[in-house]
Amino acid sequence: TQLLEQSPQFLSIQEGENLTVYCNSSSVFSSLQWYRQEPGEGPVLLVTVVTGGEVKKLKRLTFQFGDARKDSSLHITAAQPGDTGLYLCAGVGNAGNMLTFGGGTRLMVKP
Amino acid sequence: DVKVTQSSRYLVKRTGEKVFLECVQDMDHENMFWYRQDPGLGLRLIYFSYDVKMKEKGDIPEGYSVSREKKERFSLILESASTNQTSMYLCASSSLSGTVYEQYFGPGTRLTVT
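As you go down the protein sequences, you meet chains A and B in turn.
By the numbering used here, the letter at position 6 of the first sequence is numbered 207, and the numbering carries on one by one without gaps.
By the numbering used here, the letter at position 38 of the second sequence is numbered 41, and the numbering carries on one by one without gaps.
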């Protein structure tokens, strides 16, 4: 079983601060996805990174896939209360259809 | 928009009861999944199905079974509910977007077994 470790588990910051969430594994994934989950809802896909070293930007969110395709990071610039939620990384196996999820990072951004 | 619906948002059952969780997707996806979500553990795959009447065990299938009689519907069955099955249950379906599969989740069913 491939394992994904996310850190930190919890993060509470003030509006306007920057933050980085990490997702690490000892295994190689064909690609990696990041999801965001709000209370009472299912996770929603934010981005998929496919190539080692790839960087994708989604407004104030920057996603990076490690060169060896074993790790990823999510950086949020100038966090806003609307960014509050549970962030989950998920590694995509070679079959392409199966996901291995990290434990999640619960982010709270205070106004 | 893809829509994945789950039959109940909240469910309370007694130990030993048989429990049915229903999931329906409206996008003709072939692949469907059942996960449970527990704090700090992320999502763990219980069962998945890649076609009607086909099913495969995930990482934690013990105590669960599934049924997929129609393409749009995937049911999770707890044969005899136990307190350690108290959890959030999430259903998902997936489709290929370019070269990558994207999963779409329902809102979840929070099950409490007393």
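By construction, the Cβ of each residue, glycine as well, lies at the ideal position given by its N, Cα and C atoms.
Keep in mind the model is a prediction, meaning the values are calculated, not measured.
Closer than 8 Å at the C-beta level to chain A, one finds no residue of the stretch 17–31 of chain B. DSSP, reduced to helix, strand and coil, places N219/A outside both helices and strands of the structure shown, so it counts as coil. About 6 Å separates the CB atoms of Q238/A and G286/A; that is less than 8 Å, so the two are in contact. Distance from the CA atom of P42/B to the CA atom of E242/A, rounded to whole angstroms, is 15 Å. It is roughly 38 Å from the alpha-carbon of F266/A to the alpha-carbon of T115/B. Rounded to whole angstroms, the separation of the alpha carbons of G254/A and A269/A is 8 Å. Interface with chain B (7 Å Cβ-Cβ cutoff): F302/A is included. Within the model, the alpha-carbon separation for K74/B versus D31/B is close to 7 Å. For G61/B, same chain residues with a beta-carbon under 7 Å away, outside a window of 5 residues either side, are L48, I49, Y50, F51 in chain order. Comparing alpha carbon positions, the residue from L46/B, G101/B, E20/B, K56/B closest to S78/B is K56/B. The CB of N298/A comes closer than 7 Å to the CB of N34, S97, Y104 in chain B, given here in chain order. The C-beta of Y38/B has 16 or more other C-beta atoms within 10 Å across all chains shown, which makes the residue buried. Exposed is the label assigned to T117/B, since fewer than 16 other Cβ atoms lie within 10 Å of its Cβ.
One alpha carbon belongs to F211/A, the other to G45/B, and they sit about 13 Å apart. Under the DSSP definition of a beta bridge, T249/A partners with Q234/A. For S232/A, at least one C-beta of chain B is nearer than 7 Å to its own C-beta.
Measuring C-alpha to C-alpha distances from K311/A to each of L247/A, S227/A, L205/A, N219/A identifies N219/A as the nearest. Annotation for I214/A: L220, A280, L308, M309, V310, K311 place their beta carbon closer than 8 Å to its own, counting only its chain and skipping 5 residues before and after. Contact between K6/B and D29/B holds, with the beta-carbon distance rounding to 5 Å and staying under 8 Å.
Taken through DSSP and simplified to helix, strand or coil, N87/B comes out as helix. Going by C-alpha positions, L246/A is about 7 Å away from E105/B.
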